[in-house]
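Below is one structure, written out as structure tokens; comments come after it.
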Amino acid sequence: MKPVLNALTLVVVAGGLSGCGYLFGEDGYFRDRGSDYQQAVVEPRMTVPSELQSKPIGDLLPVPGQISAGGSGKFQVPRPQGLNIGLNTSDFSLQQNGGERWLLAQHAPASLWPRVRQFLTEYRVPVERESATLGEIETAWLVYDDNADNALLRRVAPAVGTNRRIEGTEQRFRLRVEPGVQSGTSEIKVLQSQRSAGSSHDKWPNNSDNSNLERAVLAELESYLNQSGGADSVVLSTVDEAPAARRSSLDQDGAGNPVLNIHTDFNRAWAAVGQALASADIRVDDLNRTAGVYYVNPQQSAETDKPGFFGRLFRRGSSAEAEVQRTQIRLTPVANRVQVTVEDSITTSSDSSEARALLSRIHQNLN
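Position 267 of the sequence shown, counted from 1, bears residue number 250 in my numbering, the numbering being contiguous throughout.
Structural data, given as structure tokens:
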């Protein structure tokens, strides 16, 4: 029955294509009229009878007297110029996703770290603790009543918000420099903590006590970094002073299966893995963001053309078999990180060596 249907389909399609000539093509009703202007005839200027009054009439669209002869062939309209996707030419920009804010920098953490430290130095903010490995700096408590003339407090105080006061309080900030989702970028996050003057409370909150002050510090840092010149204005004294440039690691779970841990939220991990798959030239056949799954074919390049309509029509059996052989890359949020695993199906893990090889390719293209 299937050969008969295939033959019937070919007959119908062939008949339809042969009839297209009556509608399209050079002699069809819906022919391309883009080159008709080349056959346009210049009509003589309209003359007004002498017994009538007229005003001078000029050409609205004058044609130059001498023009170079164009080609006699068909005119092909050129493609428009591509838009400049880098509309914001600044190296630093404020970003926000829900209640989370950060400063996106088009520089690696190693070159950005000393500039953040220099920012605190120039604004006369004492540093209580810093860790280059974590890319983290904690400031000391700033008593507003005693440091009202402090450069940073003076600039951010107007942003405290209505019905809130900064007098009689102590402020401190934690700045963290992290690798961005894209290679060669960084993200700077600020956590603000506040307590009453003289209080002994010393625990960092999960979120800033005053989001307005957090935003104001990020804005002040953005302005400083944009005006402070290139990333080479401050030189690292040692390589160890740079924060860790990687926030992903290839590990094993309790069963010995390889797992790729990405220390970020799901949205950024999903985007980072998708970009890594493209960079690694791994073909993605399908994806399900809700389930956190990329369906990939590690044996084929991302540039391989997918079968068209007729290819799918006459290869239904082989396509069903290929559907079963697709490898699943699953992203699972766990605590403050996202685990990336390789599976043959939702209940079956992939071969350990093949899974590790695939995760290694992804890991190498994450940073």
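Each residue gets a CB set at the ideal place from its N, CA and C atoms; glycine is no exception. Everything numeric in this text was worked out from a predicted model, so none of it was measured.
Look at residue i and residue j and say whether their C-beta atoms are less than 8 angstroms apart.
{"i": "E205", "j": "L86", "result": "yes"}
{"i": "V164", "j": "R251", "result": "yes"}
{"i": "V108", "j": "T122", "result": "yes"}
{"i": "E105", "j": "R157", "result": "no"}
{"i": "N240", "j": "S335", "result": "yes"}
{"i": "S169", "j": "A88", "result": "yes"}
{"i": "N280", "j": "R309", "result": "yes"}
{"i": "V60", "j": "V139", "result": "no"}
{"i": "V209", "j": "F75", "result": "Per the sequence presented here, residue 209 reads as Asn, with Val not at that position. Cβ distance < 8 angstroms, so N209 and F75 count as in contact."}
{"i": "G167", "j": "A255", "result": "no"}
{"i": "E197", "j": "R84", "result": "yes"}
Return the bridge partner residues of residue i from the DSSP annotation.
{"i": "Q175", "result": "F156"}
{"i": "L77", "result": "L86"}
{"i": "Y106", "result": "Beta-bridge pairing links Y106 to no other residue."}
{"i": "R122", "result": "Note on identity: in this sequence residue 122 is Thr, with Arg being the wrong assignment. The partner list for T122 (beta bridge, DSSP) reads V110."}
{"i": "S231", "result": "I245"}
{"i": "S169", "result": "A88, P162"}
Classify residue i as helix, strand or coil using the three-state DSSP reduction.
{"i": "S302", "result": "Its pLDDT being 47, under 50, S302 is placed unreliably in this model, and the coordinates cannot settle the point."}
{"i": "T(-8)", "result": "helix"}
{"i": "D19", "result": "helix"}
{"i": "R339", "result": "helix"}
{"i": "L270", "result": "strand"}
{"i": "L136", "result": "helix"}
{"i": "R198", "result": "helix"}
{"i": "E34", "result": "coil"}
{"i": "I149", "result": "coil"}
{"i": "N319", "result": "coil"}
{"i": "N280", "result": "strand"}
{"i": "A142", "result": "helix"}
{"i": "M127", "result": "Per the sequence shown, residue 127 should be read as Tyr rather than Met. Residue state, collapsed to three classes: coil."}
{"i": "E203", "result": "helix"}
{"i": "L208", "result": "helix"}
{"i": "A115", "result": "coil"}
{"i": "S182", "result": "coil"}
{"i": "G237", "result": "coil"}
{"i": "P27", "result": "coil"}
Below 8 angstroms CB to CB, which residues in the same chain sit around residue i once its five sequence neighbours on both sides are set aside?
{"i": "R272", "result": "W253"}
{"i": "S343", "result": "L233"}
{"i": "F249", "result": "G275, L314, P316, V321"}
{"i": "Q283", "result": "R266"}
{"i": "S73", "result": "N209"}
{"i": "N133", "result": "Y106, R107, V108, L125"}
Please go through the same chain and pick out, in chain order, the residues whose beta-carbon is closer than 6 angstroms to the beta-carbon of residue i, but skip the five residues on each side of it.
{"i": "A259", "result": "I345, N348, L349"}
{"i": "H246", "result": "R230, R320"}
{"i": "T315", "result": "Q322"}
{"i": "D185", "result": "none"}
{"i": "V242", "result": "D234, D236, Q322, T324"}
{"i": "N146", "result": "none"}
Which one of the options has the shortest CA to CA distance from residue i?
{"i": "P188", "options": "P92, L233, Q154, Q78", "result": "Q154"}
{"i": "A93", "options": "A115, N80, E83, F102", "result": "A115"}
{"i": "S179", "options": "R159, S191, S76, I149", "result": "I149"}
{"i": "S176", "options": "S183, A318, P32, S191", "result": "S191"}
{"i": "R339", "options": "N80, V317, D236, F249", "result": "D236"}
{"i": "S183", "options": "G17, V126, R62", "result": "V126"}
{"i": "D264", "options": "L341, E197, N193, N195", "result": "L341"}
{"i": "G82", "options": "R14, G181, V173", "result": "V173"}
{"i": "I171", "options": "G11, N195, R100, E9", "result": "R100"}
{"i": "R112", "options": "R159, R28, R198", "result": "R159"}
{"i": "L327", "options": "L(-9), Q311, L135", "result": "Per the sequence shown, the amino acid found at residue 327 is Asp instead of Leu. The shortest Cα separation from D327 among L(-9), Q311, L135 belongs to Q311."}
By Cβ distance, which residues of its chain are closer than 7 angstroms to residue i, with the 5 residues on each side in sequence left out?
{"i": "D269", "result": "Y278"}
{"i": "V222", "result": "The predicted model places V222 with a pLDDT of 41, which falls under 50 and marks its position as unreliable; any figure quoted below should be read in that light. Excluding sequence neighbours, V222 sits near nothing in its chain."}
Does the beta carbon of residue i fall short of 7 angstroms from some heavy atom of the ligand SAH?
{"i": "P316", "result": "Of ligands this structure carries none, so the ligand SAH is not represented either."}
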